[in-house]
Each structure stands twice: as C-alpha cells, then as structure tokens.
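Heads up, the sequence shown is in my numbering, so the first residue is 1101 and it goes up one at a time. As structure tokens, the structure follows; a few thoughts come after it.
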Amino acid sequence: MTIRDLTVRADTLAVTWTDMTTTDFPIIWLRDNCPSGLHPQTHERLLDLLSLEDAPVLSSAEFDGDEVHLSYEDGHISQLPSSLLSQHRPGQRAADPAAIEARLWRSEHSVARYPASPIMEDDTALETWMKVTAADGLSIVENLDDRTSAGVDVAERIDFLRKTNFGTTFEVINKPDPNNLAYTSVALPLHTDLPNQEVPPGYQFLHCLANEATGGGSLFADGFAMAEDLRTENPEAFELLCDVAIPFRFHDGDADILVYKPVITLGAAGDVIEIRYNAHLAGVFDMPADIMPAYYRAYRAYMSKTRDPKYRITLKLKAGEMVVFDNRRVLHGRDSFDPSTGFRHLHGCYVDRGEFASRLRLLSGRARATKAA
Ligand code: OGA
Ligand code: ZN
C-alpha cells in the first residue's frame, strides 16, 4: 500500500493510504523506529529509548514515493522507508511467513506424504513440506535411505536438534532395562512427549527403520481439534484445563524433571497454541479439594476425546517412512507389539518450533528483503 497524504497532529502522524484509509502513528513510535537508531550491519537497535523526550514533537512530514522525511523540533531528521509504516501499523501484527494457521483435522484426514530426496535437495520442496506440516501439524516423509541418520538429515534441513534428557536422538526399541514406556513393547495411548519439560520439544521426527513385529501400529489425533470441540461442548471443562496447572514429572537415576502447567495453553487471541497431555507423566494432582472433582471431570472429558475414534487416524509405519508432527499439538501413540515376531526400531529426534519458524522465514526470502530495505 502506498502513501497518499501525511498530516502532522499533536501526538501522531496520520498516514492516509491510496485506498483512503488512515493510520495514526504515535510520534514516540516514529522516533523509536528511526533507522538511524539501528546498527548498520546487525540491524539491532542501538538507540536508547530513555535518551528521547517522552513526547517528541514533529515539525514537518513529507514523502516521496518510497521514503518519508520527518523533521523533529529538537533538530533530528528521519528518513523512514514507507514500507516500515505500511507493514507495521499499530494494532496489527506484521505479516509473518511463519505464522501459518492450523487446519484442524479429525479421523477422516489423510496425512500428506512427501518424498525425502526433493526435501534434501531443493529449498522449494523443503518449504512446501514445512508449510503443510505446520498447517496440519503432521506429515510423513517417505523413501528415506536405509541409514539410521537419514531421518535426522531431513530434520537438520530445518535446523539444529533439540537435546533432551533422552539424548539428541533416541532409539525407540524394546529395551531390557527401560526408563521410558516407549522403550518397551506395551501400547502407548495418545500423548505428547516430555510434558514435564518447561518447554516441551516442538516438532518430533520418528524415522521407522524396521516394523516387522506383529502390532506396533501408530495412532495420531489433532489435540487442537479435540480442545476446540471441548470448548464448544463443555466450556467449563475447557476453562479448567486452561486455568489449572497440574504437575508433570519424569524421574529416573539421572533426572527428576517436574513442571506445573495446564493441559491447554491459549495464545493472546484466545486460540489454542499448546497441548500437554500425557497420562503416564501426569503427577499427583494437588489443586484445592473444592475444585478437584470438577477438574477430574474436565480432565476425563479431554481423555475421553483421546479415546474417541472420531479424532484418531491409524497407520502402520514402514521402514523408510518418517512421521513428523508438532508435539505440542498432535498427540501420538502406538499399539502394543510382540517383539518375538520381529524387530521394531524407530529413530527419533526433535526440532523446536522456534527453529522451524526461523527456517520458514528464511525460505520465504523475507530476511533478505528486510536487509535490502
Ligand atoms: C515415543 C513414542 C511411538 C512408537 O517414542 O515417544 O511415542 O510408535 N513412540 O513407538
Ligand atoms: Zn511419544
């Protein structure tokens, strides 16, 4: 949008755009965002906000196409790119290529599949796969090489891995002395991983190297869809799951990791942005007794949704396939398997949401455009 007119008012600069809408920019904001206050290479702000008057006064404002020229009463002169104003209007978040809206799904959903080689070789394929994975919270990468690190290589196309107390990568196999139910052959009901962490890992990658045992099918459900349906059907339960922090704890010989957090976390706009749900790692509830029965009802209402076939999709991973999902949104689980009938081996790792979003912004070319501006 280009500028049609500028009007200096007492505390604001009124910008009228060519579509005849007007935006008011407070003068302190204009002065704070003067490009002369940024380091020329890093683009970080050097200007000390407290070195300014709290109400700087504009004496004049002019524009010529791409630039706005501002003169302040104290003698300061600013040259602001018009795009700074059109992209950062007060009251409106600037467009963000990583802000991809969640497309909620239920059992009828068919999981998007992408071959590994184009993702490894081509940035456009990487971006397409990442955008769909962000929107659905779940995808499958297929035709991976038969190498333990082939899935990690795909994850590292996004960015560095998130280390946890289970290591930087982990082997999901039936182990003789397990410290985690995943490392047994028992069924894992739908859950999110590591809810006991202050910030649970973002995207999870489970690369299937072998799945020859009887059983061992995978299940997935969209935790946001289940939360939104609960909000509609039982608002009181939804609110309790948002408001009451419950303990989640993992402990073994090397770690004792405990956090109090709610099952559902909302963003500033009231949208669901995170689910923490893991019946195995939920600690001993200790909310006041007068709300405990209602909390149990709410928790059981969400738990019932995780058992309801309406939300669940099932599949059996084959060697060379990898499921990729937002662990803070999509719940995952597996059926029990019989280790005497064959070998089952998944190789896992995580990449956090922040790194995922960073790669999406870089792929969009936005950073290059901003530097050039
Ligand atoms: C896990 C897990 C699922 C599976 O490792 O966290 O849930 O299919 N594994 O074994
Ligand atoms: Zn898990």
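Every residue gets a Cβ at the ideal spot worked out from N, C-alpha and C, and that includes glycine. Predicted, not measured: the structure shown is a model, and the values here were computed from it.
If you drop the 5 nearest sequence neighbours on each side, which residues of the same chain put their C-beta closer than 7 angstroms to that of residue i?
{"i": "MET1220", "result": "ASP1253, VAL1254, ARG1257"}
{"i": "GLY1175", "result": "none"}
{"i": "PRO1300", "result": "THR1292, ASP1293, LEU1294, ARG1376, ASN1427, ARG1428"}
{"i": "THR1248", "result": "LEU1309, HIS1447"}
{"i": "THR1470", "result": "Because THR1470 carries a pLDDT of 49, less than 50, the predicted location of this residue cannot be relied on, and no value is offered for it."}
{"i": "LEU1463", "result": "ASP1223, LEU1226, GLU1227"}
{"i": "THR1121", "result": "none"}
{"i": "ASN1296", "result": "PHE1348, ARG1349, PHE1350, ILE1357, LEU1358, VAL1359, LEU1381"}
Using only the heavy atoms of the ligand ZN, determine whether one of them is closer than 7 angstroms to the beta carbon of residue i.
{"i": "HIS1487", "result": "The requested residue 1487 does not occur in the structure, where the chain is confined to residues 1101 to 1473."}
With DSSP collapsed to three states, give me the class of residue i.
{"i": "ARG1162", "result": "The sequence shown places Glu at residue 1162, not Arg. Three-state DSSP puts GLU1162 in a strand."}
{"i": "GLU1256", "result": "helix"}
{"i": "ILE1103", "result": "strand"}
{"i": "GLY1465", "result": "coil"}
{"i": "GLN1297", "result": "coil"}
{"i": "SER1318", "result": "strand"}
{"i": "ALA1325", "result": "helix"}
{"i": "TRP1205", "result": "coil"}
{"i": "ALA1457", "result": "helix"}
{"i": "PRO1278", "result": "coil"}
{"i": "SER1285", "result": "coil"}
{"i": "ASP1349", "result": "According to the sequence as given, residue 1349 is Arg; it is not Asp. In this structure, ARG1349 counts as strand in the three-state DSSP scheme."}
{"i": "THR1268", "result": "coil"}
{"i": "GLY1500", "result": "It is not possible to answer for residue 1500, since the shown part of the chain is limited to 1101 through 1473."}
{"i": "GLY1137", "result": "helix"}
{"i": "MET1151", "result": "Per the sequence presented here, residue 1151 reads as Ser, with Met not at that position. SER1151: helix per DSSP, three-state reduction."}
{"i": "THR1123", "result": "strand"}
{"i": "THR1248", "result": "coil"}
{"i": "ARG1331", "result": "helix"}
{"i": "THR1441", "result": "helix"}
{"i": "ILE1273", "result": "coil"}
{"i": "MET1387", "result": "coil"}
{"i": "LEU1185", "result": "helix"}
{"i": "THR1470", "result": "Reliability of the predicted coordinates at THR1470 is poor, the pLDDT of 49 falling under 50, and no value is obtained from them."}
{"i": "ILE1413", "result": "strand"}
{"i": "ILE1200", "result": "coil"}
Need the endpoints of the alpha helix (DSSP H) that residue i sits in, please.
{"i": "THR1406", "result": "1392 to 1407"}
{"i": "ARG1131", "result": "1127 to 1132"}
{"i": "PRO1335", "result": "1335 to 1343"}
Quick one: give me the first and last residue of the beta strand (DSSP E) that residue i is part of.
{"i": "LYS1361", "result": "1356 to 1361"}
{"i": "ASP1223", "result": "Per DSSP, ASP1223 belongs to no beta strand (DSSP E); it is in the alpha helix (DSSP H), 1223 to 1236."}
{"i": "LEU1306", "result": "1303 to 1311"}
{"i": "LEU1113", "result": "1112 to 1117"}
{"i": "SER1178", "result": "1177 to 1181"}
{"i": "VAL1157", "result": "Element bounds for VAL1157: n/a, residue is neither H nor E."}
{"i": "ARG1213", "result": "1213 to 1215"}
{"i": "TYR1172", "result": "1167 to 1172"}
{"i": "GLU1374", "result": "1372 to 1375"}
{"i": "ARG1145", "result": "ARG1145 -> no beta strand (DSSP E), and no H or E assigned at all."}
{"i": "ILE1364", "result": "1364 to 1366"}
{"i": "ASP1426", "result": "1422 to 1426"}
For residue i, which residues of its own chain have a beta-carbon under 6 angstroms away from its beta-carbon, when the five flanking residues on both sides are left out?
{"i": "THR1414", "result": "GLY1317, LEU1319"}
{"i": "PRO1388", "result": "none"}
{"i": "TYR1360", "result": "ALA1345, PRO1347"}
{"i": "GLU1421", "result": "ILE1240, GLU1242, CYS1308"}
{"i": "ALA1110", "result": "none"}
{"i": "LEU1204", "result": "ASP1322, PHE1324, ALA1325"}
Can you find the residues in the same chain that come closer than 8 angstroms, C-beta to C-beta, to residue i, ignoring five residues on each side of it along the sequence?
{"i": "LEU1113", "result": "LEU1106, THR1107, ASP1124, PHE1125, ILE1127, LEU1130, LEU1158, ALA1161, LEU1170"}
{"i": "ARG1461", "result": "ASP1196, PRO1197, ALA1198, ALA1467"}
{"i": "ARG1453", "result": "GLY1302, TYR1303, ASP1426, ARG1428"}
{"i": "ASP1231", "result": "Strictly speaking, residue 1231 in this sequence is Lys, with Asp absent from that position. Excluding residues within five positions, the ones whose Cβ falls inside 8 angstroms are ILE1200, LEU1460."}
{"i": "SER1436", "result": "SER1285, VAL1286, ALA1287, GLY1315, GLY1316"}
{"i": "PRO1215", "result": "VAL1241, GLU1242, ASN1243"}
{"i": "SER1404", "result": "none"}
{"i": "ASP1438", "result": "SER1285, ALA1313, THR1314, GLY1315"}
Check your understanding: In chain order, what residues have a CB nearer than 6 angstroms to some heavy atom of the ligand OGA?
Key -> VAL1272, ALA1282, LEU1288, ASP1293, SER1318, HIS1432, ARG1434, LEU1446, GLY1448
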